[in-house]
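Residue numbers (UniProt numbering): 1 to 1086.
Here it is, written out as structure tokens:
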């Protein structure tokens, strides 16, 4: 914006400087110009040129300049000058007028004094002279000022006239300041030339970005100072005028408010005065704001409205409705369904073709509209009138049109729901919209049967739907109802009560659709209260039962309705009416103004709980994480109540702003080093909530589920959980309760339900970028294959048709996710292709494990042989490492799921307990059988051991280590052992009371040494055999777990309907832990 202003200013200054240089040097160059004798001096062409000057426009610039070069206007200078000053120019025509005047000045020397005389006749020169045409003077003032700046007039003479004119406009401006628009235009277009002013907004922008705005050099700064001071004095006067108008408008508004509060209504004259004062104040405020910006002056401070004693003492009935949606107690309507019926109407403007639209009545004043929009509306209205005439001419002689209208009118009594009445309105707009048909429709609506009260709301909706396109229907119908109501009131007969009640009920329904003015409805109520007897009582009660609550709870009619209700209740007591009438009056009164009922008692929330909620749900943001963490650490974590409530608040992340979910995860990561159990409980609660959401699958919990999944991903980003938890959750999204068969519908995952796809995309979008290397990358690639199968299975279901296509937003979400995680991945394009990719992945895993199984059999067969081959390790095989790690993570996931099912939900902190011992033993028949078999086995073993011969055990006596010897002696002994194959032993001897050790080297040929070596080799062989057997058992167990996992993925998972039951204890698989069962050697010694 600033650069555009600078370019425009530079272009304007360049244009004026070039003209000024040419005009100042015109006296010297006139002799060199073409002789006027050679130019055309004909009367016809010169007169035509002068006429063109009177109607000068910007589009005639080139043609006028061209004619000027060929004409001799020396005898028509006076007429040309008079035409230029009398021309009704626009602001866009000023530059063309300057070019014409400069061209005439450069050729004819007498133009300048002649033009000055013409201006003196046009411009106001008397002190008390009133401006007759302000719009023309606004353009003339700029035209004259620009003529002075480009050098057409002598500077001394032109500046004097301009200064006198500005002084007259400023000094002769009375308190109303009618010349404000003229001064404002002068400041906008000529302020830089004569006052050296720069608008404030451009000055601030230039200072902010360090750019220089070019300024005019027509006048020196000393001469600009006087004009600038004159304009500032005028701004001070206008500011005082603004304060005066504001005070006047505020006083009128306060008086009308007081009158409305005491009397219940305000006269039209006072309302008109208030509206006029408001319009004047707003217009003046806009002009003053523009002038303050142009002069770079501060706006005057307007005093704030203060409440009077009467207003402050009066309760605000609508306080409960502010800032919240309407409900049955405080809203305009009883419930949401009623609100939908009266407020949400079909938009016929988007259904009916443009050529059939009537002109929509606008509520704004014409001066606030754009001229282009007005032109389009006028053209549309003319075209519509032509189309309407054609349709009416055709309809007059067409029997088909009449039949359609009769069919529509006869079907209106059967339109007893919203869909039918809306369809009838659309049908009338498309096919029957003529003036005569609208009159017949209005008459039919008015003559509804007197007992069909049930049709009145639908007829009123019908009229309200047509009102934007055909306002004459509602206007005519309201007029007919008002006339009928007044006729019944004036007649004062006691018959036709049903017709009277139909009329007032129809008026009430139109009031709720805002088709019938509220003031007129209240006027009807006033007329009924004036003669509150017999049928008038029933009519008043019917009117209140129809629209009384709407009028009472509308801000603009509340006070007046309240006054009428009080008058009605006083008349009920004073007139001693019949019990039937008394009951009707009370029903109408309490329907309009229901009695105060005891509100819902709010639960008491301790201050500490409110403080925790404030920290987490209001204060927590990206910049306040550290402060919130410090405050949470200061809590009394030893208090179980505070601890449990903090865990609950940290778990309910759906109450946090979605953009601050990562802040909550960061906060929990900061608390984990100090309160580890809090982090564990929160993570468990998050996983449990995600699982519960999949099992319930309620649409009202969708936002909550999205937040929890996002929270889980952020917890992984802050290293609160492992990747195994993420992948377990991802696989649960596409497997829990899912069947990949069309003939087996899943209850937990309906065909049209795509929310699990969104959950998967949300979780991967939160933490998927970190699975880009190592085993996690391979796991994510595998999951993407299975996820594509699930996605294409959903997309290929028969529920998606051409009339109900697959949602594009889901397609875009999935595609954006794959572009973000795996941009080079070739995606599947059909369900068959996705199934084939998943099958290939299954075969790859089976092939890898089949390649491992033969190795196990080879090891087992070699273990039975006497020879002991080297144990084959899998540490160097990267594939084996990945598979083993995958197995361990799946086992950890299985263990986690079992532990989660055995523990209570964290959403109920009172149910959380800590198990101090192992699982509780539950006796069953299998245990008895096991114990009987175990006793029999032990008896047989003891009897077999008794028959064996007892041999003395060979005990190896541990020999204590000897003292350290010199390094030289040890080296010599080692060299001697290598030369002669010897076996070193330690010989312990006793000398006196001391034990001494001496080295004893025995050759390998000795029987003692040979037996020692054989026994050592045998023990080593047994250790190697045991190691191979242990590895074989472990690998076999892993193979079984993998087969179980593959089978679980291929079959649907049924929902867990026994969540509250305690699961049975399952014996762990694999070799038993002897230390855990019989105790370690250290514990036995104790």
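C-beta atoms are modelled at their ideal positions from N, C-alpha and C, and glycine is treated no differently.
Measure the beta-carbon distance from residue i to residue j and round it to whole angstroms, keeping in mind my assumption that it falls under 8 angstroms.
{"i": "residue 469", "j": "residue 429", "result": "6 angstroms"}
{"i": "residue 789", "j": "residue 806", "result": "Actually they do not touch by this definition, with Cβ atoms about 16 angstroms apart."}
{"i": "residue 6", "j": "residue 213", "result": "6 angstroms"}
{"i": "residue 497", "j": "residue 538", "result": "7 angstroms"}
{"i": "residue 159", "j": "residue 148", "result": "6 angstroms"}
{"i": "residue 142", "j": "residue 185", "result": "7 angstroms"}
{"i": "residue 711", "j": "residue 665", "result": "6 angstroms"}
{"i": "residue 293", "j": "residue 201", "result": "6 angstroms"}
{"i": "residue 348", "j": "residue 426", "result": "6 angstroms"}
Within the continuous alpha helix (DSSP H) that includes residue i, where are the two ends?
{"i": "residue 471", "result": "471-491"}
{"i": "residue 340", "result": "336-343"}
{"i": "residue 792", "result": "774-795"}
{"i": "residue 552", "result": "535-553"}
{"i": "residue 706", "result": "702-717"}
{"i": "residue 696", "result": "676-696"}
{"i": "residue 739", "result": "Residue 739 -> no alpha helix (DSSP H), and no H or E assigned at all."}
{"i": "residue 119", "result": "111-122"}
{"i": "residue 626", "result": "625-633"}
{"i": "residue 170", "result": "155-171"}
{"i": "residue 590", "result": "579-592"}
{"i": "residue 106", "result": "94-107"}
{"i": "residue 648", "result": "640-651"}
{"i": "residue 926", "result": "925-946"}
{"i": "residue 419", "result": "418-431"}
{"i": "residue 407", "result": "399-411"}
{"i": "residue 517", "result": "Unbroken run through residue 517: none, as it is neither H nor E."}
Along the chain, where does the beta strand (DSSP E) that runs through residue i open and close?
{"i": "residue 1002", "result": "994-1003"}
Identify the residues that DSSP records as bridge partners of residue i: which are they?
{"i": "residue 989", "result": "996"}
{"i": "residue 71", "result": "40"}
{"i": "residue 984", "result": "1001"}
Using CA atoms only, rank isn't needed, just tell me which of the options is closest to residue i.
{"i": "residue 650", "options": "555, 623 and 682", "result": "682"}
{"i": "residue 115", "options": "90, 133, 648 and 86", "result": "86"}
{"i": "residue 465", "options": "486, 298 and 346", "result": "346"}
{"i": "residue 628", "options": "140, 663, 678 and 1021", "result": "663"}
{"i": "residue 680", "options": "705, 697, 648 and 748", "result": "648"}
{"i": "residue 301", "options": "246, 332, 65 and 636", "result": "246"}
{"i": "residue 24", "options": "713, 62, 66 and 112", "result": "112"}
{"i": "residue 296", "options": "269, 121, 195 and 704", "result": "195"}
{"i": "residue 583", "options": "569, 128 and 8", "result": "569"}
{"i": "residue 60", "options": "106, 691 and 89", "result": "89"}
{"i": "residue 646", "options": "622, 658 and 615", "result": "615"}
{"i": "residue 571", "options": "342, 530 and 550", "result": "530"}
{"i": "residue 75", "options": "206, 65 and 39", "result": "39"}
{"i": "residue 1038", "options": "733, 850 and 1002", "result": "850"}
{"i": "residue 192", "options": "208, 145 and 598", "result": "145"}
{"i": "residue 753", "options": "580, 800, 563 and 199", "result": "800"}
Does the ligand NAD have a heavy atom nearer than 7 angstroms to the CB of residue i?
{"i": "residue 925", "result": "For the ligand NAD, the structure offers nothing, since it holds no ligand at all."}
Of all the CB atoms in chain D, is at least one closer than 8 angstroms to the CB of residue i?
{"i": "residue 1000", "result": "In the structure shown, chain D cannot be found, because there is only a single protein chain."}
Exercise. Contact between the stretch 13-28 and the stretch 94-103: three or more CB pairs below 8 angstroms?
Worked result: yes
For this session: Tell me, please, whether the stretch 173-189 touches the stretch 233-251 by the rule of three or more beta-carbon pairs shorter than 8 angstroms.
Result: yes
Exercise. Quick one: any contact between the stretch 458-468 and the stretch 413-421, if contact means 3 or more CB pairs under 8 angstroms?
Worked result: Result yes; three or more Cβ-Cβ pairs closer than 8 angstroms.
Problem set entry | Cβ pair count under 8 angstroms reaching 3, the stretch 667-675 against the stretch 722-733 | no
Exercise. Are the stretch 476-491 and the stretch 437-455 in contact at 8 angstroms, needing three or more beta carbon pairs?
Worked result: yes
Problem set entry | Cβ contact (3+ pairs, closer than 8 angstroms) linking the stretch 1004-1014 and the stretch 806-822 | Contact fails between the stretch 1004-1014 and the stretch 806-822, because fewer than three Cβ pairs, one in each stretch, are under 8 angstroms apart.
Exercise. Just checking, does the stretch 42-57 make contact with the stretch 71-80 on the three C-beta pairs under 8 angstroms criterion?
Worked result: yes
Exercise. Would the stretch 541-556 and the stretch 575-587 be scored as touching if the rule is three or more Cβ pairs under 8 angstroms?
Worked result: yes
Problem set entry | At least three beta-carbon pairs within less than 8 angstroms, the stretch 750-770 to the stretch 819-829 | yes
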